[in-house]
Amino acid sequence: MNILAFESSCDDTSVAVVKDGKEVLSLETVSQTDIHTLYGGVVPEIASRAHLEVISELTEKALKPVGLRNTDAVAVTYAPGLIGSLLVGVSFAKSLAYAHKLPLIPVHHIKGHVAGTYLTYPELKPPFIALIASGGHTHIVKAHTYTKYQILGRTRDDAVGESFDKIARVLGLGYPGGPMIESAAKTGDSNSIHFPRVRFEDNPYDFSFSGIKTAVINYIHQKHQLSLDIPVSDIAASFTDAVCDVLVNNTVKACKDHNSKKLVLAGGVSANKTLRKKLEEECNKEKINFFAPDFRYCGDNAAMIGAQAYYEYLQNNTASADLNAYAVMPI
Ligand code: KG4
Ligand code: ZN
C-alpha cells in the first residue's frame, strides 16, 4: 500500500510516499529555518504562508517516482501544532483525496514521530516504552499497539526542546537552539556547573524544565554582574548533562517498572548525540533494547507520518472531507 503523506505542523513542509508503513519511496522537505532565524523563533503567520508557497511543487516531486495512479491513500498530520500551518497540509491533503477518491488518513504528529523509528528498524513492534522529546512535547508513553498509547509521564511546564531553544537564545547562539547547544557543548566541560535535576515524588515519570532554564539565566546574570566572561560551552555541556540525566533516569525507570525490554526515543531532540549515547549506555546496563530513528527521521518529516498512517488505516482510522486541524490534541 503506497501512502502519500503530508507534514506541515510547524516550520517544515514535507511530502513523502511510504510503502506498507516501512519503505520510504520518496521524501521531499523544505525547511523554513532560514526565514525564522531572522526573528529568533517560528513566526506562525509567516510559517503558514511559506507552507502554501511550496506544497504543490513538493507534492509533484514526491510523486514522481511513484505516480498518483499508484497511490492508495493520502495521509496528513492534523494535530497538534500551529493551527495555520496544520491547515495548509490538511486542506491540501483533503482536496487531493477528494479529487482522486482516495482514503484520507489523519495522523497525530507525536505518533508520527514514534513511527519514524519503524522506518529505521522494520523489525520493531509494540509493545514498548517511548520517550518523545520535541519542541512541544516531552512524554513517556507505553505503546500497547501501533495506535493505542498510554501516557505514563509528561512535562509539567516547558518541553525539553523548548528549553534547548530558550537557553540557546539567552546564550546568543541563535535558532534552532538544539543543534546550536549540541555543537557548543562539544568543547565544554559537563561537570563544570551543577544545574538542578527536578524529580517528582507523586509521579517519577513526570518532568519539569522551567527551573533549569531559570538556573541558567541566573548563572549568566551573575557572571554579567561580576563582569566575567560567559563560559558558553561549559553552560551548554552542563545544561545538556542535567537535562539528559532526568530524561534517562525517568525513562529507564519506566521501562524497569513496566517490564519493558524495548525503549524508543523519538522527536526532534532525539537527534542529540549525547542523549542517544547516555540512553543507550543505560539501556545496555539494564539489558533493554534501545531504538532511535535514523537522523533523517528525527526532525519533522512526512515519511514518519506515512509510516504511522499505514497502521491507522489498518485500524480503519480514516476521515471524511470534514476533517479539521487542531492545535492541541491528546495523544
Ligand atoms: O520534533 P521537532 O522537529 O518539532 C516539534 O514537533 O516540536 O522538534 C524540534 C525541537 C526543537 O526544540 C529543537 O531545538 C530540538 O527539537 N532539537 C534538538 C536537536 N535537534 C533538534 N535538541 C537537542 N539537540 C539536537 N541536536
Ligand atoms: Zn515534531
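Count the sequence shown with this note's numbering and you get residues 5 to 335, in order. We put the beta carbon where it would ideally sit given N, CA and C, even for glycine.
Boundaries for glycine 45: no beta strand (DSSP E) harbours it, and the DSSP string shows neither H nor E there.
The C-alpha of histidine 141 is placed about 19 Å away from the C-alpha of isoleucine 185. Using a 10 angstroms sphere on the CB of glutamine 312, the tally of other CB atoms reaches 16 or more, which defines it as buried. Here the C-alpha atom of glycine 25 lies approximately 34 Å from the C-alpha atom of asparagine 207. When the five nearest sequence neighbours on each side are left out, the beta carbons in the same chain lying within less than 7 Å of the beta carbon of isoleucine 221 are those of Val174, in order along the chain. The DSSP-derived three-state label of threonine 121 is helix. Counting along the chain, histidine 225 sits inside the alpha helix (DSSP H) bounded by residues 214-229. Here leucine 108 is near threonine 322, since their CB atoms are less than 8 Å apart. Under DSSP, lysine 23 takes part in a beta bridge, and its partners are Asn6, Glu27.
In this structure, the CA atom of alanine 79 is about 24 Å from the CA atom of serine 274. The ligand ZN has a heavy atom closer than 7 Å to the beta-carbon of glycine 271. Leaving aside the five residues that flank methionine 333 on each side, the residues in its chain whose CB is nearer than 6 Å to its CB run, in chain order, Ala83, Pro84. Annotation note: the stretch 60-112 contains the following uninterrupted beta strand (DSSP E) runs of length 3 or greater, listed N- to C-terminal: 77-83, 108-112.
Around the beta carbon of glycine 181, 16 or more other beta carbons sit within 10 angstroms, so the residue counts as buried.
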